[in-house]
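The numbering of the sequence shown is my numbering, which starts it at 10 and goes up by one. Using N, Cα and C, we set each Cβ at its ideal position, and we do this for glycine too. For reference, the structure is listed below as structure tokens.
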Amino acid sequence: MKPKLSVTLCGIKLDNPTVLASGIIGNTGELLKRAGDEGAGAVTTKSISLEPWDGHPSPNVVELEKGLLNAMGLPNPGAEDFVEEINIAKQGDAPVIASIVESTIQGYADVISILESSEPHMYELNASCPNVKGGQDISRSPELAGKLVEKACGVTNAPISFKISPDAGKLADVARAVDESGASAITAVNTLPAKAIDSKANLPVLYNKIGGLSGDLLRPIALRCVSEISDAVEIPIIGTGGVSTGQHAAEMISSGARAVGIGTAVWHHGVGVFKKVSNELSSIMEKKGFESVGDIEHGI
Ligand code: DHB
């Protein structure tokens, strides 16, 4: 019998554990729908702010040997315009997670209030962007993280995932604070602040100087963070960071993740990567005699 790939995340059924991570092709409803049609178990929007944000000038992406460094600066059309994109994304089969960013706790709540009319299946609080001023402050403070989640829970009944920074330090404390404040899940992790130098010019490559590191280089760090968080709280984790194969997905799940975010691998390999990861995961499970994804939690 074929292993069962479906998982339940905060009461939402995903056909498989792969989730399109925020920031990659999540800019429009059509692209989000496409990722779902191509096999993503759920899809996350690019982070949405109250007003339109322009983002940073280029250069804003650097390809590294085993990773990607980017500092887009969270460009997005703002909450009012994104309502329609979520409506379009929801015409697909994959549940839609709306990623939210703002510069104040009240701002996050205001964005959610506007998006409520489109009824996304879930919200993700991007409180850990390495590329905007103060972007990681909330994720570094258990107190602020708890306050943000409490405020967000006050304006929606949809489940809320808190996206945590790998650079947060007190990961377990932040995880416990958001759990106690009503978060339904934790997305672990966001990109890690990093820097690349142009050796000829001896200057930072990125306009923003600092960018978020993702891809293979991030995976061992993400696995460690997922383990730490899963030891601290019971709420489900969307394990995100450098996953591009079924083996990587299995490692995330055996480290404590319920679902697996995929971002940079879509940049490198295209949207076909969701089916590839699911098929590879299914083969691994079949070889081990696992019937459902939950069986991986105890080890591979
Ligand atoms: C950007 C935002 C992020 O949260 C991230 O991890 C990387 C890049 C950005 O838009 O700059």
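Going by the CB atoms, is the gap between residue j and residue i shorter than 8 Å?
i: L83; j: V105; result: no
i: N85; j: I57; result: yes
i: A194; j: S174; result: no
i: D24; j: G50; result: yes
i: G116; j: L59; result: yes
i: L29; j: T53; result: yes
i: T200; j: K172; result: no
i: A268; j: V16; result: yes
i: G143; j: S108; result: no
i: C19; j: P168; result: yes
i: A231; j: V187; result: no
i: G248; j: V286; result: no
i: I123; j: E89; result: yes
Does the Cβ of residue i lie closer than 7 Å to at least one heavy atom of the ligand HEM?
i: P213; result: Ligands in the displayed structure: the ligand DHB; the ligand HEM is not one of them.
Using the C-alpha atoms, what's the distance from residue j back to residue i?
i: A192; j: L157; result: 10 Å
i: P245; j: V280; result: 25 Å
i: D146; j: K160; result: 16 Å
i: E39; j: Y132; result: 19 Å
i: S292; j: G270; result: 19 Å
i: P26; j: G250; result: 14 Å
i: H130; j: L212; result: 43 Å
i: K179; j: Y216; result: 30 Å
i: A266; j: G101; result: 25 Å
i: K55; j: G87; result: 11 Å
i: I150; j: R233; result: Residue identity differs from the one stated: residue 150 is Ser in this sequence, not Ile. Going from the Cα of S150 to the Cα of R233 covers about 19 Å.
i: A103; j: K22; result: 9 Å
i: V242; j: S236; result: 10 Å
i: M294; j: T37; result: 34 Å
i: A118; j: V164; result: 6 Å
i: K42; j: S31; result: 14 Å
i: V275; j: V214; result: 23 Å
i: N96; j: S127; result: 6 Å
i: A259; j: D182; result: 26 Å
Mark residue i as exposed unless 16 or more other C-beta atoms lie within 10 angstroms of its C-beta, in which case mark it buried.
i: H311; result: Residue 311 lies beyond the range of the chain shown here (10 to 309); nothing can be said about it.
i: P229; result: exposed
i: H307; result: exposed
i: A210; result: exposed
i: G272; result: buried
i: E189; result: exposed
i: G221; result: buried
i: P66; result: exposed
i: E93; result: exposed
i: L166; result: It should be pointed out that residue 166 corresponds to Asn in this sequence rather than to Leu. When all chains shown are included, N166 counts as exposed.
i: E152; result: exposed
i: G35; result: buried
i: D176; result: buried
i: D225; result: buried
i: M261; result: buried
Under a CB-based cut-off of 8 Å, is residue i close to chain D?
i: I33; result: As a matter of chain content, chain D is missing from the structure shown, which is built from one protein chain.
For the segment 196-205 against the segment 68-86, are there 3 or more C-beta pairs whose distance is under 8 Å?
yes
Tell me whether the segment 293-306 and the segment 40-48 touch, counting them as touching only if at least three CB pairs, one residue from each stretch, are closer than 8 Å.
no
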